[in-house]
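Encoded as structure tokens, the structure appears first; notes follow it.
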Amino acid sequence: MNKIFEDKSLVVVFAYASAGLGHLRVTDALYHGLPENLSPLLLRTQDQSVSFFHRLTSISLIGRFIGEAMQKGILERIITKIYSAQLRSTSDILYKQMLTILDQRISVPKKLLVIATHFGLAHQLAAVKQKLEQKYGIKVYLVVQVTDDSPQRMWDVKGADLIVVPSRKTKRLLKSKALKAVSPYPINPSFAFGLEKFKSENKAAQVGKGNSKIHICIPVSGAAVGLNYIKNLITALHESEKRYYFHIVARQNLYTKTFLEWAEKQDYIQALSSIQDREVVNLYEQVYLNNIISLEITKPSEQCFKAILDPTRVGGSVLLLTHPVGRQEYDNLDFLYRHKLIPNKLERDLLWESNINEKLASKAKHWRGLRLPDNPKKAADFILWCKEQSLFLQMMQFSRPVYKWQKNAYEVRSDGVSLFWKKVATLITRA
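Now the structure itself:
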């Protein structure tokens with residue numbers, strides 16, 4: 131496989147959007163799967179409307195309602211048709227960016243491989259793909275990585291050579307004539323590293339009834355969603371027990387300024403931030419590489435796919451999931467439900483009704499995450515209760531559920547990055 135990507139006649143370009151940090155995290159994960167001596171190029175969208183719309187539908191209640199309505203039914207069909215046509219008709223800037231990339235090469239490559247992790251860029255790249263092939267006499271491959279387990283019509287990119295999705299369900303429901311392939315979600319290979327035995331023991335001890343410091347990672351979303359919730363939850367946990375230490379990772383901007391100023395004043399918080407999106411992604415990785423993280427409070431965005439990793443891995447923290455925003459996050463939760471990685475509604479209700487019984491404790495060994503209440507004080511009480519009931523400790527003794535079908539087990543493999551590149555290599559060799 132490496133020989134294909136080390137071919138000097140092949141240029142690899144990653145295209146991503148700044149609409150949230152998830153697309154860049156996936157890009158970063160895929161980047162880490164390439165040979166070290168390969169230097170792929172990064173192409174970021176210049177369309178700021180994508181970022182604005184992402185924030186509008188994440189923060190504003192009205193915007194969120196409109197955004198979710200646009201993601202299903204007849205309205206989704208209409209919006210998809212209009213928006214994809216608009217994207218393709220406004221691809222001139224992207225085309226010029228691609229011309230610059232190719233013109234700066236000492237010799238024109240024979241093959242151009244473009245990996246798109248945002249549907250907006252994917253549609254624009256599909257619009258200019260044939261023009262690039264005709265102008266330079268090269269073969270252009272457009273591969274689209276779907277960054278949520280969500281079969282939204284916007285991911286139907288006409289002209290894509292391959293669309294990679296995280297599950298068979300999304301492959302079946304995504305209406306597209308393009309070649310589709312299922313590959314486990316691409317998680318940064320650094321997170322899949324095995325922990326040394328003493329570090330695994332430390333992680334379990336954190337959520338036990340001793341005095342170990344409990345390290346919680348809190349990645350703030352690119353749209354800065356739920357900052358008041360996070361602040362109140364942190365405060366409630368700290369006031370209840372001093373064992374908690376928080377690692378916050380956020381993008382520096384107008385929306386996070388006040389929150390970060392508050393966080394930096396607390397001696398029980400490590401606040402890491404940057405104005406550069408790529409640096410924010412790197413800071414998040416460093417939190418896990420430099421600390422033993424037992425818990426993570428996060429939205430059910432692309433972060434929740436770390437549930438694929440078991441607790442003996444660097445990134446294998448117990449995931450405490452806040453309220454979903456947008457259809458894609460509900461779809462991601464459905465992925466976790468289907469694979470029994472989080473409790474279903476009945477099991478979740480039982481968690482509040484009584485002490486953990488033997489049957490529930492047995493099920494908890496298959497869980498990698500829990501949904502938090504929407505009220506931050508209740509969420510803090512729930513976390514404290516889980517610790518007192520040794521629920522987190524049960525989850526640290528994780529064992530994978532037995533799958534009736536091997537194809538279901540395939541979807542939760544931790545080597546998604548490697549498998550992604552194998553599928554791309556197959557695409558290139560067969561062309």
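This note's numbering applies: residue 131 is where the sequence shown begins, and numbers increase by one.
C-beta: ideal position from N, C-alpha, C; glycine also.
Owing to the predicted nature of the structure, the values given are computational and were not obtained by experimental measurement.
- Around the Cβ of residue 433, a 10 Å sphere holds 16 or more other Cβ atoms; the residue is buried.
- Residue 368 and residue 473 have their C-alpha atoms spaced approximately 26 Å apart.
- Cβ-Cβ distances below 8 Å link residue 380 to 349, 350, 354, 386, 389, 390, 401, 402, 403 and 410 in the same chain, with the five nearest sequence neighbours on each side left out; the list follows chain order.
- The beta strand (DSSP E) runs of length 3 or more contained entirely in the segment 419-504 are, from start to end of the chain, 425-428, 448-451 and 499-501.
- Judged by DSSP in its simplified three-state form, residue 314 adopts coil rather than helix or strand.
- In the same chain as residue 476, and ignoring 5 residues on each side of it, no C-beta atom comes closer than 8 Å to its own.
- Counting along the chain, residue 333 sits inside the alpha helix (DSSP H) bounded by residues 327-336.
- Considering only 316, 314 and 294, the residue with the shortest C-alpha distance to residue 306 is 294.
- For residue 174, the enclosing beta strand (DSSP E) begins and ends at 171-174.
- The Cβ atoms of residue 173 and residue 352 lie no closer than 8 Å to each other.
- With the rule of 3 Cβ pairs closer than 8 Å, the segment 418-427 does not count as touching the segment 249-266.
- According to the DSSP assignment, residue 512 belongs to the alpha helix (DSSP H) that extends over 506-518.
- Residue 321 counts as buried, since no fewer than 16 other beta carbons sit within 10 angstroms of its beta carbon.
- Residue pairing from DSSP places residue 377 in a beta bridge opposite 347 and 400.
- Residue nearest to residue 232 within the set 171, 153, 203 and 440 is 171 (criterion: CA-CA distance).
- The criterion of a C-beta distance shorter than 8 Å is satisfied by residue 317 and residue 445.
- Using a 10 angstroms sphere on the CB of residue 165, the tally of other CB atoms stays under 16, which defines it as exposed.
- In this structure, 531 is the residue among 503, 531 and 345 with its C-alpha nearest to the C-alpha of residue 468.
- According to the DSSP assignment, residue 259 belongs to the alpha helix (DSSP H) that extends over 249-266.
- Across the structure, residue 374 and residue 513 are spaced so that their CA atoms are roughly 11 Å apart.
- Of 545, 326 and 269, the smallest CA-CA separation from residue 560 is found for 269.
- Secondary structure of residue 208 (DSSP, three-state): helix.
- Between residue 257 and residue 272 the beta-carbon gap is near 10 Å, outside 8 Å, which marks them as no contact.
- Counted as a single uninterrupted DSSP element, the beta strand (DSSP E) harbouring residue 272 occupies residues 269-275.
- Using a Cβ distance threshold of 8 Å, residue 330 and residue 439 do not count as a contacting pair.
- Contact check for residue 282 against residue 245 fails: the beta carbons are separated by 8 Å or more.
- In the three-state scheme derived from DSSP, where H, G and I count as helix and E and B as strand, residue 144 is classed as strand.
- DSSP places residue 290 outside any beta strand (DSSP E), giving it a letter other than H or E.
- Taken atom to atom, the span from the alpha-carbon of residue 339 to that of residue 524 is near 13 Å.
- Residue 393 is not a Cβ neighbour of residue 510, given a cutoff of 8 Å.
- About 14 Å separates the Cβ atoms of residue 153 and residue 253, ruling out a contact at the 8 Å cut-off.
- Comparing C-alpha distances from residue 465 to each of 443, 553, 498 and 487 shows the shortest one belongs to 498.
- When secondary structure is reduced to three states using DSSP, residue 546 falls in the helix class.
- Selection 506, 341 and 398 evaluated against residue 517 yields 341 as nearest (Cα-Cα).
- Here residue 407 is buried. Its C-beta has 16 or more other C-beta atoms within 10 Å.
- Membership of residue 156 in the alpha helix (DSSP H) is indicated by the continuous run 152-161.
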